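2 protein chains.
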Amino acid sequence: MELSRRRLLGTVGAAGAAGLVVGGAGGALGVAAAQDDGPEALTTLGSTAVAFRPARAKHQAGITTPLQAKGHLVAFDLTPGSGRKEAAALLRRWSRTAEELMAGHAPHADTGVALDAGPSSLTVTFGFGHGFFDRTGLTKRRPTQLDPLPDFSADALDPRRSNGDLWIQIGADDALVAFHALRALQKEAAGTARLRWQMNGFNRTPGATAQPMTARNLMGQVDGTNNPKPSDPDFDERIFVGRDADQQWMRGGSYAVVRRIRMLLDEWEKQPLAKQEKVIGRRKSNGAPLTGGSETTPMRLDANGPDGLPVIPADAHARVAAPESNQGAAMLRRPFSFHDGFRDDGAPDAGLLFVCWQADPLRAFTQIQRKLDRGDALSVFLRHEASGLYAVPPAAEAGDYVGRPLLEG
Amino acid sequence: MELSRRRLLGTVGAAGAAGLVVGGAGGALGVAAAQDDGPEALTTLGSTAVAFRPARAKHQAGITTPLQAKGHLVAFDLTPGSGRKEAAALLRRWSRTAEELMAGHAPHADTGVALDAGPSSLTVTFGFGHGFFDRTGLTKRRPTQLDPLPDFSADALDPRRSNGDLWIQIGADDALVAFHALRALQKEAAGTARLRWQMNGFNRTPGATAQPMTARNLMGQVDGTNNPKPSDPDFDERIFVGRDADQQWMRGGSYAVVRRIRMLLDEWEKQPLAKQEKVIGRRKSNGAPLTGGSETTPMRLDANGPDGLPVIPADAHARVAAPESNQGAAMLRRPFSFHDGFRDDGAPDAGLLFVCWQADPLRAFTQIQRKLDRGDALSVFLRHEASGLYAVPPAAEAGDYVGRPLLEG
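For the record, the sequence lines run as chains P and F.
Numbered continuously in the working numbering, the first sequence closes out at residue 409.
Numbered continuously in the working numbering, the second sequence closes out at residue 818.
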């Protein structure tokens with residue numbers, strides 16, 4: 001592929017249904033825009049822009065957007081003295097900046113870290129935590145779906161890395177583009193909100209595998225096979241808040257559950273392949289159910305082996321988490337892996353930044369996690385170390401900012 | 410681009426001069442190799458394999474290899490009771506595994522984390538630290554170039570994250586491929602060497618910018634413009650150990666200096682653009698010298714402005730570090746950026762995993778760092794927090810392992 005060095009200030013064209021604009025944005029940000037030394041030729045990886053205000057979908061980007069190679073999760077608490085007015089001003093600043101960054105433009109007083117790069121599928125997604133509503137005098141408008149998650153027996157949660165008044169998910173296929181966005185948004189919070197916790201994650205780089213392929217996690221498992229798909233007839237109903245919502249400002253939004261799940265990889269990797277596959281209920285090689293077929297073949301949960309026992313064991317993760325085992329409950333899992341080096345005992349501090357999306361956490365994450373908490377063979381290899389639950393409002397309408405119907409409605 | 414899901418066990422073809430084999434390796438590792446459901450179609454990002462034993466170059470991969478999107482640096486110490494024999498066995502295991510991984514094959518008892526992915530430009534580079542030679546009874550064969558670096562006034566080094574008997578640099582354009590290699594190599598050290606420190610880094614993802622472009626660091630600066638280039642007539646002499654080496658086992662090898670350099674980004678970003686450019690001596694937009702031209706235009710160090718002062722200030726980083734200011738000294742900088750979240754004070758724990766390569770650290774890194782330590786305007790924005798110096802032997806010859814001429818010579 002012929003590549004050149006022209007840097008031009010691109011504009012984002014009409015957004016498609018999924019909010020993806022491939023090649024619609026130039027590979028340029030701010031300062032370098034004046035240069036012009038050849039035709040533009042970013043690859044799709046760099047030139048793909050995701051629309052901040054999708055033309056048709058009403059939900060924010062970063063929920064049904066394909067997994068990106070790099071992710072930052074960050075939570076803020078409102079500072080003492082910051083209330084509804086200050087929060088509204090912050091969301092207005094953040095929305096403007098997110099829209100600029102996602103289109104490949106540089107914000108005011110830019111650090112330059114993303115110079116030369118295209119938008120690289122950057123998404124910025126904003127959410128509100130439980131405490132936000134009390135601090136802004138909006139307690140009556142807090143959805144019941146934000147009621148704290150129940151305790152699970154396997155939890156060992158660090159409150160300093162959990163919850164928070166405001167939450168942002170940043171994803172991009174380039175690490176500097178993602179870091180640039182994180183810093184720009186952090187800077188705009190100054191005086192209104194202070195950083196509470198921040199985590200970094202990653203997924204496959206587009207092009208590293210023959211696509212489309214379901215992601216693998218750091219246990220080596222295909223992870224996400226049984227996710228609801230946008231083509232499912234009940235997808236919107238499961239994942240996005242509908243017209244019957246008590247809190248109408250959340251209509252078109254979704255609830256995000258975030259868990260830092262450390263994997264005990266030293267213990268996991270000692271298990272023979274056959275044991276690992278029984279724990280999961282699927283083949284490691286291709287994610288196919290132990291009852292046969294390919295990754296997309298439905299599990300035959302009632303099939304028994306020659307020994308009379310279920311082929312997919314009763315405590316296999318895929319069985320316990322399946323909609324069939326949970327009155328049809330399902331959530332859209334959209335995680336990042338994490339690796340923060342090694343712990344003092346030499347074990348990797350690594351695992352999954354689990355992020356899942358649903359219209360109602362009680363009937364999705366909580367239902368399934370309660371079941372997993374009681375009988376999942378995988379749980380002995382996992383440690384839930386942090387947790388958050390956020391109300392993620394719909395995308396901003398034209399000329400608006402994310403959350404205005406709550407903050408000024 | 411049409412992509413499919415065939416996974417086949419590829420073989421690496423003849424290596425080019427740079428050791429790069431584009432499209433020569435299949436996108437497959439181990440378990441998935443038996444699958445065959447369509448034509449193979451990884452992109453260049455995934456299918457690029459770097460040769461472990463380059464056909465012509467005598468040096469290990471990961472020195473002149475283009476920067477990869479993800480990097481791991483890791484140091485080990487030999488465990489009590491491990492001497493020359495055990496170290497030799499470890500280097501033999503490591504070399505075999507590195508060769509397999511770089512070709513896109515899975516090692517024995519694989520975790521599966523890299524399944525489905527191509528080699529993604531994976532490189533694994535091995536080095537020996539100062540202590541290695543005492544622990545293996547090879548003190549007399551330790552090169553004088555491994556003498557400890559001098560203290561610099563700006564150093565605030567953490568010994569727990571510095572030095573180490575053995576050092577590995579891992580780079581790949583896919584984060585799971587890199588993590589997979591790290592875990593495979595760590596596992597093989599068990600019983601012989603224990604992890605001392607480990608750091609994670611990143612660079613631009615290929616395709617995020619119009620290429621070729623010099624990297625940017627987290628200060629937003631173009632970083633690496635004045636690097637020696639393989640096409641320079643004295644490149645090999647500057648970077649690789651020559652035939653006149655006291656320690657012939659290092660002939661064709663190089664010395665790596667590693668520094669964890671935290672950037673005081675909050676302070677840096679408060680500086681106006683004009684101040685930042687004076688600190689560096691180059692334009693932020695495109696890396697051109699303040700004396701004009703484009704990124705590759707030579708600096709005019711003797712040019713004065715209308716005020717009679719040098720256009721590139723006397724303490725500008727680019728001036729102080731330039732070969733012209735250091736009796737011609739130059740090193741090949743090949744860094745990764747790092748971002749390990751935020752510190753307790755809310756400042757980012759982020760900066761540069763500085764890695765530089767040279768035939769003689771005393772006449773390259775040490776010469777230049779001494780100069781920077783005394784008069785670099787950039788240094789007030791940097792904290793050197795960890796340091797390592799490693800002898801990186803030449804690539805293994807056919808049928809051999811890295812370091813055999815030292816360990817069995």
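Here a beta-carbon is modelled for each residue, glycine too, at the ideal position from N, C-alpha and C.
In this text, all values refer to a predicted model and were calculated from it rather than measured experimentally.
Could you tell me whether any Cβ in chain F is nearer than 8 Å to the Cβ of residue i?
i	result
ALA175/P	yes
GLY388/P	no
ASP373/P	no
GLY399/P	no
ALA275/P	Contrary to the premise, residue 275/P reads as Lys rather than Ala in this sequence. No - not a single Cβ of chain F is within 8 Å of the one on LYS275/P.
ASN326/P	no
LYS229/P	no
THR97/P	no
GLY16/P	Because GLY16/P sits at a pLDDT of 35, beneath the cut-off of 50, its placement in the model cannot be relied upon, and the following sentence gives the value as read from the coordinates. No, its Cβ sits nowhere closer than 8 Å to a Cβ of chain F.
PHE152/P	no
Is there at least one Cβ from chain P nearer than 8 Å to residue i's Cβ?
i	result
MET511/F	no
ALA434/F	Its pLDDT being 36, under 50, ALA434/F is placed unreliably by the model, and the measurement read from it follows with that caveat. Output row for ALA434/F: interface = no.
LYS549/F	no
GLU678/F	yes
ALA598/F	no
LEU748/F	It is worth fixing the name first, because residue 748/F is His in this sequence and not Leu. Output row for HIS748/F: interface = yes.
LEU751/F	Before going on, a small fix: residue 751/F reads as Phe here, not Leu. Answer yes: the Cβ-Cβ gap between PHE751/F and chain P drops below 8 Å somewhere.
THR452/F	yes
LEU438/F	At LEU438/F, the pLDDT of 34 sits below 50, so the modelled position is not reliable; the number obtained from the coordinates is stated separately. Answer no: the Cβ-Cβ gap between LEU438/F and chain P never drops below 8 Å.
ARG603/F	yes
GLN776/F	no
GLN578/F	no
ALA478/F	yes
ASN713/F	no
GLY818/F	no
ASN609/F	yes
PHE588/F	yes
GLY828/F	There is simply no residue 828/F to check, as chain F begins at 410 and stops at 818 in what is shown.
SER571/F	no
GLY755/F	yes
In terms of alpha-carbon separation, which member of the options lies closest to residue i?
i	options	result
SER387/P	GLY137/P, ALA156/P, THR44/P and PHE52/P	ALA156/P
ASP519/F	ARG282/P, ASP158/P, THR291/P and GLU269/P	GLU269/P
PRO722/F	ALA593/F, LYS687/F and THR706/F	LYS687/F
ASP769/F	PRO557/F, THR457/F, GLY546/F and LYS494/F	PRO557/F
ARG550/F	ASP749/F, ALA654/F, GLU794/F and ILE648/F	ALA654/F
TYR810/F	TRP766/F, ALA497/F and ALA665/F	ALA497/F
ASN695/F	VAL729/F, ASP632/F, PHE649/F and SER562/F	ASP632/F
ASP266/P	ALA347/P, VAL113/P and SER120/P	ALA347/P
ARG502/F	GLU806/F, ARG652/F, SER456/F and LYS596/F	LYS596/F
LEU673/F	LEU454/F, THR506/F, LEU761/F and GLY540/F	LEU761/F
GLY818/F	GLN656/F, THR700/F and ALA593/F	GLN656/F
Start-end ranges of the beta strand (DSSP E) lying completely within the region 486 to 567 of chain F, minimum 3 residues: The beta strand (DSSP E) runs lying completely inside the region 486 to 567 of chain F and spanning 3 residues or more are 532 to 537, given in chain order.
Runs of beta strand (DSSP E) wholly within the region 570 to 625 of chain F (minimum 3 residues, chain order): Under the rule that a run must span 3 or more residues, the beta strand (DSSP E) segments found entirely inside the region 570 to 625 of chain F read 575 to 581 and 602 to 611.
Under 7 Å (Cβ pairs) to chain F, residues found in the region 204 to 223 of chain P: ARG204, THR205, GLY207, ALA208, THR209, ALA210, GLN211, MET213, ARG216, LEU218 and GLY220
Is the number of C-beta pairs between the region 613 to 625 of chain F and the region 709 to 728 of chain F that are closer than 8 Å three or more? no
Does the region 778 to 787 of chain F come close enough to the region 471 to 489 of chain F that 3 or more CB-CB pairs lie under 8 Å? no
Any contact between the region 564 to 579 of chain F and the region 326 to 336 of chain P? By contact I mean 3 or more CB pairs, one from each, below 8 Å. no
Using 8 Å as the Cβ pair cut-off and three pairs as the minimum, do the region 508 to 516 of chain F and the region 605 to 620 of chain F touch? no
According to a CB-to-CB cut-off of less than 8 Å, which residues of the region 112 to 124 of chain P neighbour chain F? Shown in chain order are the members of the region 112 to 124 of chain P whose Cβ falls below 8 Å from a Cβ of chain F: GLY112, VAL113, LEU115, ASP116, ALA117, GLY118 and SER120.
Near-chain P residues of the region 483 to 503 of chain F - C-beta to any C-beta below 8 Å: none
Positions along the region 273 to 301 of chain P whose CB lies within less than 9 Å of some CB in chain F: The residues in question are LEU273, GLN276, ARG283, LYS284, SER285, ASN286 and SER294.
According to a CB-to-CB cut-off of less than 9 Å, which residues of the region 451 to 473 of chain F neighbour chain P? LEU451, THR452, THR453, LEU454, GLY455 and SER456
Inspect the CB distances between the region 391 to 405 of chain P and the region 238 to 257 of chain P and report whether three or more fall short of 8 Å. yes
Under 8 Å: do the region 784 to 793 of chain F and the region 700 to 715 of chain F share three or more Cβ pairs, one atom per stretch? no
Give the list of continuous beta strand (DSSP E) stretches no shorter than 3 residues that lie fully inside the region 320 to 356 of chain P. 336 to 342
Chain-ordered residues of the region 650 to 675 of chain F with a beta carbon less than 8 Å from chain P: Going along the region 650 to 675 of chain F in chain order, one finds LEU674 with a Cβ nearer than 8 Å to chain P.
Validate contact between the region 69 to 85 of chain P and the region 176 to 192 of chain P using beta carbons, cut 8 Å, 3 pairs: In short, these stretches touch, since the Cβ pair count reaches three.
What alpha helix (DSSP H) runs, 4 residues minimum, are completely inside the region 207 to 281 of chain P? The region 207 to 281 of chain P contains these whole alpha helix (DSSP H) runs: 235 to 239, 265 to 270 and 273 to 280.
Could you tell me which whole beta strand (DSSP E) segments of length 3 or greater appear in the region 760 to 799 of chain F? With a minimum length of 3 residues, no continuous beta strand (DSSP E) run stays inside the region 760 to 799 of chain F.
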